[in-house]
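Worksheet: the structure to be examined is printed underneath.
Chains as they are written, first to last, in our numbering: chain S, 1 to 113; chain B, 1001 to 1112.
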């Protein structure tokens, strides 16, 4: 099946710094990508929809200035967590739908210390 | 998208078939049943999907009742590596611009 690659798989950063997570579609073009957040023992929650060449669409309650999304090409979307706080520590996952099925990245475990 | 109901958790003995049920009584005629699984600290993995006919692939079989109000995912010979959270999702297949909505899923533990 299609491959979505996410990088890094885990990152530790200090409070107040920013961290960028990359999501790449390796063998297809993705005009739309999705970013999810997952807390321990909870299900995936959609944060935002990333649209190539236009602004991302954020879900209610997600701060767009804190979670910056850039979808500059048909194969790359990035999520930047700005001014990170310990409560931003979570598992972040991206996905894309090259067809009727969705394919997901490996996830990024973010720990803010 | 129609809502689904799954048991919170299930156990299965290694080597036996794992049968994971899903209720979707409000499914619409053009909605497919999808199954994904998520192994700990990984992204979800696609397993199988179907509309009304039973489907089988190298990973699993999907049995959909005639009225389409419920389905069962069957892992024919469960291994320890099948321990994961299994998500049943109902959605229109050609809605490529729409995200997949995940419920709590079923936590399957395959026991040695």
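All residues carry an ideal CB built from backbone N, CA and C; glycine is no exception.
Checking 7 Å against the spacing of the C-beta atoms, do residue i and residue j come in under that value?
i              : j              : result
residue 62/S   : residue 88/S   : no
residue 1074/B : residue 1023/B : no
residue 1044/B : residue 104/S  : yes
residue 37/S   : residue 95/S   : no
residue 10/S   : residue 109/S  : yes
residue 34/S   : residue 49/S   : yes
residue 1055/B : residue 1048/B : yes
residue 1086/B : residue 1108/B : yes
residue 1012/B : residue 1078/B : yes
residue 1099/B : residue 46/S   : yes
residue 1038/B : residue 1088/B : no
residue 1069/B : residue 1025/B : yes
residue 1090/B : residue 1004/B : yes
residue 51/S   : residue 32/S   : yes
residue 1093/B : residue 100/S  : yes
residue 1102/B : residue 5/S    : no
Use the C-beta contact count for residue i: other C-beta atoms within 10 angstroms, 16 or more gives buried, fewer gives exposed.
i              : result
residue 1105/B : buried
residue 97/S   : buried
residue 1082/B : buried
residue 1057/B : exposed
residue 3/S    : exposed
residue 1080/B : exposed
residue 56/S   : buried
residue 12/S   : exposed
residue 54/S   : exposed
Could you tell me whether any non-hydrogen atom of the ligand GDP is closer than 6 Å to the CB of residue i?
i              : result
residue 1089/B : Ligands are entirely absent from the displayed structure, and the ligand GDP is therefore not among its contents.
Please name the residue or residues paired with residue i in a DSSP beta bridge.
i              : result
residue 117/S  : Nothing can be reported for residue 117/S, as the shown portion of chain S is limited to 1 through 113.
residue 46/S   : 36/S
residue 51/S   : 32/S
residue 1031/B : 1092/B
residue 1085/B : 1038/B, 1107/B
At which residues does the beta strand (DSSP E) containing residue i begin and terminate?
i              : result
residue 1059/B : From DSSP, residue 1059/B is part of no beta strand (DSSP E); its letter is neither H nor E.
residue 67/S   : 67-73
residue 1021/B : 1018-1023
residue 1014/B : Unbroken run through residue 1014/B: none, as it is neither H nor E.
residue 1111/B : 1106-1111
residue 1097/B : Element bounds for residue 1097/B: n/a, residue is neither H nor E.
residue 1075/B : 1070-1075
residue 81/S   : 76-81
residue 24/S   : 19-25
residue 1047/B : 1045-1050
I want to see whether chain D comes within less than 7 Å of residue i, judged by CB atoms only; does it?
i              : result
residue 1007/B : In the structure shown, chain D cannot be found, because the protein chains are S and B.
I'd like to know if the stretch 1062-1076 of chain B and the stretch 1024-1034 of chain B are in contact, where contact means that at least 3 CB-CB pairs between them fall below 8 Å. yes
Can at least three beta-carbon pairs, one atom from the stretch 12-24 of chain S and one from the stretch 69-84 of chain S, be found at a separation below 8 Å? Counting C-beta pairs closer than 8 Å gives three or more between the stretch 12-24 of chain S and the stretch 69-84 of chain S, which meets the contact rule.
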